[in-house]
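The next block holds one structure in the form of C-alpha cells; read it before the comments.
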C-alpha cells in the first residue's frame, strides 16, 4: 500500500506545480475569482484527459497480462479520478460563493434599421 502511494507522488507534485503556476499567472492577469474559474476549467479538462489516458493504458496492460504496469496505471487512474472529484467539489463551492459566475454573459445583438439592413 505504501509503495502505491509513493508511486503517485510525482504526479501529485506535477499537478500541484501546474495549479500554482496557473493560479499565480491568472490572478496577476485577471482577478483571483477569475483565476479560480480558469483553474477549475483547466483541471477538469486535464484530469479527464489523464483519467482517459490511464484507463486506456490499463486496458492495454490488462490485454498484455502485464500486472506490474496494470497496477501502476490503475494507481494513476484512481489518482486522476480523485483529483477530478475534488475539482468538481471545488467548482460547486466556488459557484456557491460566486453565483455571478453561474450565468455567462451573452453577446450583444445589433438591431438594424429598415433601409440599412446590412
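Numbering (this note's numbering), first residue to last: 12 to 129. Cβ atoms here follow ideal geometry from the backbone N, Cα and C, with glycine treated the same way.
Query                                                                                                   : Result
Span separating the alpha-carbon of residue 52 from that of residue 72                                  : 30 Å
Same chain, Cβ closer than 7 Å to residue 86, neighbours up to 5 away in sequence not counted           : 15, 18 and 19
Cα-Cα separation between residue 57 and residue 39, rounded to whole angstroms                          : 22 Å
9 Å Cβ cutoff met for residue 68 and residue 84                                                         : yes
Residue environment, residue 50, which counts as buried when at least 16 other CB atoms sit within 10 Å : buried
Inter-residue CB distance, residue 37 and residue 46 (contact presumed, cutoff 8 Å)                     : 4 Å
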